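Student: So the number in my numbering is just where the residue sits in the sequence shown, counting from 1, plus 20.
Ideal placement from N, C-alpha and C gives every residue a C-beta, glycine not left out.
None of these values were measured; they are calculated from a predicted model.
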Amino acid sequence: MGSRRLLAAWCVTASAWTASAASPAAEKLAGIPVLAPGEEAPAVSVTWYGVTTLLFDDGETKLLIDGFFSRPLFEGLESIADPDTAQIARMVETEGLRGLAMITAVHSHFDHAMDVGEVALATGATVFGSESTANVARGAGVDESRIMVVEDRRTERYGDFAVTLIRSAHLPMENGGPPIPGTIDTPLVPPAPIGAWKEGGSYSVVVEHPAGTAVVQGSAGYVAGGLDGVAADVVYLGIGGVSIPGKDHARTYVEEIVGATGAGCARPVHWDDFNRPFGEIALPAGGGDTEQSAAWIREFAAAGDPPVGLATLPFGQAVDAFTGCGPARP
Ligand SMILES: [Zn+2]
Numbered sequence: 021m022g023s024r025r026l027l028a029a030w031c032v033t034a035s036a037w038t039a040s041a042a043s044p045a046a047e048k049l050a051g052i053p054v055l056a057p058g059e060e061a062p063a064v065s066v067t068w069y070g071v072t073t074l075l076f077d078d079g080e081t082k083l084l085i086d087g088f089f090s091r092p093l094f095e096g097l098e099s100i101a102d103p104d105t106a107q108i109a110r111m112v113e114t115e116g117l118r119g120l121a122m123i124t125a126v127h128s129h130f131d132h133a134m135d136v137g138e139v140a141l142a143t144g145a146t147v148f149g150s151e152s153t154a155n156v157a158r159g160a161g162v163d164e165s166r167i168m169v170v171e172d173r174r175t176e177r178y179g180d181f182a183v184t185l186i187r188s189a190h191l192p193m194e195n196g197g198p199p200i201p202g203t204i205d206t207p208l209v210p211p212a213p214i215g216a217w218k219e220g221g222s223y224s225v226v227v228e229h230p231a232g233t234a235v236v237q238g239s240a241g242y243v244a245g246g247l248d249g250v251a252a253d254v255v256y257l258g259i260g261g262v263s264i265p266g267k268d269h270a271r272t273y274v275e276e277i278v279g280a281t282g283a284g285c286a287r288p289v290h291w292d293d294f295n296r297p298f299g300e301i302a303l304p305a306g307g308g309d310t311e312q313s314a315a316w317i318r319e320f321a322a323a324g325d326p327p328v329g330l331a332t333l334p335f336g337q338a339v340d341a342f343t344g345c346g347p348a349r350p
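Listed below in structure tokens is the structure:
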């Protein structure tokens with residue numbers, strides 16, 4: 021850990037070193053349609069805010085995955101970062117997050133877990149996650165009574181939703197392990213170096229509702245057989261960096277996460293450049309790794325291996341959380 025190359029490889033969706041132009045069309049991964057809001061409000065909607073930040077809402081209860089709104093500039097593990105409380109407050113107001121029931125993080129790296137505590141304080145949400153994510157929340161001052169810790173598998177109910185966190189794996193790097201490995205063992209009080217947000221265990225998040233079931237896989241790793249017995253309508257599939265460990269890894273990853281759950285639609289997430297300001301969605305500079313990752317995912321789906329449709333999510337627009345890969349935006 022620590023070499024520039026490894027950092028650059030991990031930071032597959034960042035472009036601290038090279039500029040590239042953002043454009044609305046960049047919400048699209050080549051060859052994959054973008055979902056459009058339907059004519060009628062769905063029973064459960066999902067709204068994507070970049071990286072793996074997803075808001076589920078059934079009109080009564082709201083759940084937030086990651087809630088990464090701050091977007092500090094990542095130039096290396098020593099970059100000092102701090103949640104952007106003004107941006108979080110804007111999100112609470114404009115997106116109606118007050119009364120949020122729960123926030124969880126797919127793992128505890130900064131681009132997933134950094135804001136969980138501040139979002140919980142601003143909304144009243146319960147934080148559900150690993151001990152490391154719990155320590156991010158504690159560092160922000162979230163009361164222990166509103167922190168639910170999971171080690172391997174645990175289900176919590178929020179309104180008509182049931183949320184299960186299942187221990188999974190992070191995208192492996194050249195050494196076979198995650199970047200910024202380890203756990204956060206004491207309350208993490210920001211500002212802190214970005215390297216302080218250690219991985220802390222990665223999770224598949226299963227969101228069940230009478231209207232359907234989704235699996236959110238934020239990072240492109242897997243545990244063999246880890247999702248056996250989980251049936252999903254839609255998978256939110258983290259694809260950033262999946263080409264780094266190679267095509268065999270990519271194939272097995274898709275089989276273990278999408279094939280195993282029988283989902284009819286996979287919606288790529290965590291493919292956009294997380295070093296851009298909130299609201300700017302674009303491929304990382306050069307695009308190479310992400311384009312390769314997306315190309316392989318398209319290839320597997322086109323071959324029916326597994327039989328699944330693909331669609332990406334529009335930024336900041338509510339679409340049906342559980343129903344297939346349509347309608348697509350023209
Ligand atoms: Zn990560």
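For G249 and T175, I'd like the C-alpha separation in whole angstroms.
Tutor: Cα to Cα, G249 sits roughly 15 Å from T175.
Student: Considering only the alpha carbon of each residue, which of V243, T143, L117 lies closest to V278?
Tutor: Comparing Cα positions, the closest option is V243.
Student: Please work out which residues of its chain come closer than 6 Å, Cβ to Cβ, to P265, disregarding the five sequence neighbours upstream and downstream, and give them in chain order.
Tutor: Only P192 meet the Cβ criterion.
Student: Identify whether Q237 lies in helix, strand or coil by the three-state DSSP scheme.
Tutor: Strand.
Student: Using CA coordinates, which residue listed in I214, A331, L120, S222 is at the minimum distance from A140?
Tutor: Closest option to A140, Cα to Cα, is L120.
Student: Taking the beta strand (DSSP E) that D77 falls in, what are its first and last residues?
Tutor: It spans 74-77 - the beta strand (DSSP E) in which D77 sits, taken as one unbroken run.
Student: Helix, strand or coil: which one does DSSP assign to V32?
Tutor: With a pLDDT of only 40 at V32, under 50, the local geometry of the prediction cannot be trusted, and the value read off the model is given with reservation. V32 falls in the coil class under three-state DSSP.
Student: Please give me, in chain order, every unbroken run of the alpha helix (DSSP H) with length at least 4 that falls completely inside the region 150-230.
Tutor: Within the region 150-230, the complete alpha helix (DSSP H) runs of at least 4 residues are 151-160.
Student: Touching or not, the region 68-83 and the region 122-137, by the rule of three or more beta carbon pairs under 8 Å?
Tutor: At 8 Å Cβ cutoff, the stretches touch.
Student: Quick check on G329: does DSSP put it in helix, strand or coil?
Tutor: It is a strand residue.
Student: Quick check: the Cα distance between A216 and G137, rounded to an integer number of angstroms?
Tutor: Answer to the nearest angstrom: the Cα atoms are 15 Å apart.
Student: Measure the alpha-carbon distance for A41 versus V274 and round it to whole angstroms.
Tutor: With a pLDDT of 40 at A41, under the threshold of 50, the modelled position of this residue cannot be trusted; read the value that follows with caution. Whole-angstrom Cα-Cα distance: 30 Å.
Student: So R349 and L330 are in contact, right, with Cβ under 8 Å, and what is the actual spacing, rounded?
Tutor: Between L330 and R349 the Cβ distance is about 14 Å, and since that is not below 8 Å, they are no contact.
Student: How many whole angstroms separate the CB atoms of T72 and H290, which I take to be in contact at a CB cut-off of 8 Å?
Tutor: T72 to H290, Cβ: 5 Å. Contact.
Student: Tell me whether K267 is buried or exposed, calling it buried when 16 or more other Cβ atoms sit within 10 Å of its Cβ.
Tutor: Label assigned to K267: exposed.
Student: Can you find a heavy atom of ligand 1 that lies under 7 Å from the Cβ of E219?
Tutor: Answer for E219: yes, Cβ within range of ligand 1.
Student: M168: which of T281, T146, R158, D180 sits nearest, CA to CA?
Tutor: Cα-wise, what sits closest to M168 is T146.
Student: Nearest-angstrom Cα distance between D172 and G149?
Tutor: Using only the alpha carbons, I get a separation of about 10 Å.
Student: Tell me which same chain residues have a C-beta within less than 8 Å of the C-beta of K48, skipping the five on either side of it?
Tutor: The residues are V54, T332.
Student: Relative to the alpha-carbon of P297, which residue among L74, A63, D104 has its alpha-carbon at the smallest distance?
Tutor: Of the listed residues, the one whose Cα sits closest to P297 is D104.
Student: At which residues does the alpha helix (DSSP H) containing K267 begin and terminate?
Tutor: Here the alpha helix (DSSP H) through K267 covers 267-274.
Student: Would the C-beta of S239 count as close to ligand 1, meaning under 7 Å from any of its heavy atoms?
Tutor: True, at least one ligand heavy atom lies under 7 Å from that Cβ.
Student: Do the CB positions of V227 and V183 come within less than 8 Å of each other?
Tutor: Yes; because the gap between Cβ atoms is below 8 Å, this pair is in contact.
Student: Could you give the DSSP three-state label for G137: helix, strand or coil?
Tutor: Here G137 sits in helix by DSSP.
Student: Buried or exposed: where does T143 fall if 16 or more other Cβ atoms within 10 Å of its Cβ makes it buried?
Tutor: Per the 10 Å Cβ criterion, buried.
Student: Report the start-end ranges of each alpha helix (DSSP H) in the region 61-125 that is 4 residues or longer and not cut off at the edges.
Tutor: Those alpha helix (DSSP H) runs which fall completely within the region 61-125 and span 4+ residues are 105-114.
Student: Specify, as a first and last residue, the run of the alpha helix (DSSP H) that G409 falls within.
Tutor: Outside the displayed range of the chain (21 to 350) lies residue 409, so it cannot be described from this structure.
Student: Using the rule of at least 16 other Cβ atoms within 10 Å of the residue's Cβ for burial, across every protein chain shown, is S165 buried or exposed?
Tutor: Burial call: exposed.
Student: Looking at A338 and T114, is the spacing between their C-beta atoms short of 8 Å?
Tutor: No. Outside cutoff.
Student: Among residues of its own chain, excluding the 5 on either side of D135, which ones have a beta-carbon nearer than 7 Å to its beta-carbon?
Tutor: Answer for D135: G87, F88, F89, S90, P103, I108, listed in chain order.
Student: Using a Cβ-based criterion (distance less than 7 Å to any ligand heavy atom), does H127 qualify as near ligand 1?
Tutor: H127 Cβ: within cutoff of ligand 1.
Student: Please check the pair D309 and G346, which I expect to be a contact at CB under 8 Å, by giving their CB distance rounded to whole angstroms.
Tutor: D309 to G346, Cβ: 28 Å. No contact.
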